[in-house]
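Residue numbers in the sequence shown follow my numbering, run continuously in steps of one, and reach 278 at the last position.
The next block holds one structure in the form of structure tokens; read it before the comments.
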Amino acid sequence: MWEHEPVTAVELVKLCQDQLGWKRTTTYTVIKRLGERGVLKNDNGTVTSLVSKDEAQACEIDELVEKKFEGSLPAFIAAFTKHQAMSEDELDEVQRMIDRIRKGGSQ
């Protein structure tokens, strides 16, 4: 959605149908729920985000780790890497993130 905003609700229905296989009613339900959560704004059929894509993704990951892994980031990473191979470049990037965090910087 972020790549297309502002987007009409009708256009968003088409995008979700094409990219996610959602039905019209599913898309409108998600728009309504995300509006109630303060993630999206639907103003007379024009949908815009109220949070960045990065913020929304971070929130989703936080909820996933909390609900499925009892808040344990190492358990989440162990589960992810068990069935998902990582390239050398990806491992290097993760190591750089860890190094920045250890030095007190942001990710």
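For every residue, glycine included, the Cβ atom is placed at its ideal position computed from N, Cα and C.
Fair warning: this is a prediction, and the values are worked out from it, not measured in the lab.
- Item | V184 classed as buried or exposed, judged by whether at least 16 other C-beta atoms fall within 10 angstroms | Counting from one through the sequence shown, the residue named residue 184 turns up at place 13. It is buried - the Cβ of V184 has at least 16 other Cβ atoms within 10 Å.
- Message: Closer than 8 Å to a non-hydrogen atom of the ligand ATP - does that hold for the CB of R267?
- Response: The ligand content of the structure shown is nil, which means the ligand ATP is not present either.
- Nearest-angstrom Cα separation, counted from K274 out to T200: The residue labelled residue 200 in the question sits at position 29 within the sequence shown. The residue labelled residue 274 in the question sits at position 103 within the sequence shown. Taking the straight line joining both Cα atoms gives about 43 Å.
- Query: How would you write the range of the alpha helix (DSSP H) that K239 sits in, first residue to last?
  - Reply: Stepping through the sequence shown from its first residue, residue 239 is reached at position 68. Segment 224-239, the alpha helix (DSSP H) holding K239.
- Query: If you check the beta carbons only, do V222 and A180 fall under 9 Å apart?
  - Reply: For this step, residue 222 is matched to residue 51 along the sequence shown. For this step, residue 180 is matched to residue 9 along the sequence shown. In this structure, A180 does not lie closer than 9 Å to V222 by Cβ.
- Since V181 is in the alpha helix (DSSP H), which residue starts that stretch and which ends it? Residue 181 sits at position 10 when you count from the first residue of the sequence shown. First-last of the alpha helix (DSSP H) with V181: 180-191.
- Query: Which residues share a DSSP beta bridge with K212?
  - Reply: What you label residue 212 is simply residue 41 of the sequence shown in a count that begins at 1. Answer is T219, bridged to K212.
- So V210 packs on S220, CB below 8 Å; how close in whole Å? Here residue 210 refers to the residue found at position 39 when the sequence shown is read from its first residue. Here residue 220 refers to the residue found at position 49 when the sequence shown is read from its first residue. Rounded, the Cβ-Cβ distance is 7 Å, consistent with contact.
- Query: Taking just the CA atoms, how far does K203 sit from Q188?
  - Reply: By one-based count along the sequence shown, residue 188 stands at place 17. By one-based count along the sequence shown, residue 203 stands at place 32. Each residue's alpha carbon lies about 17 Å from the other.
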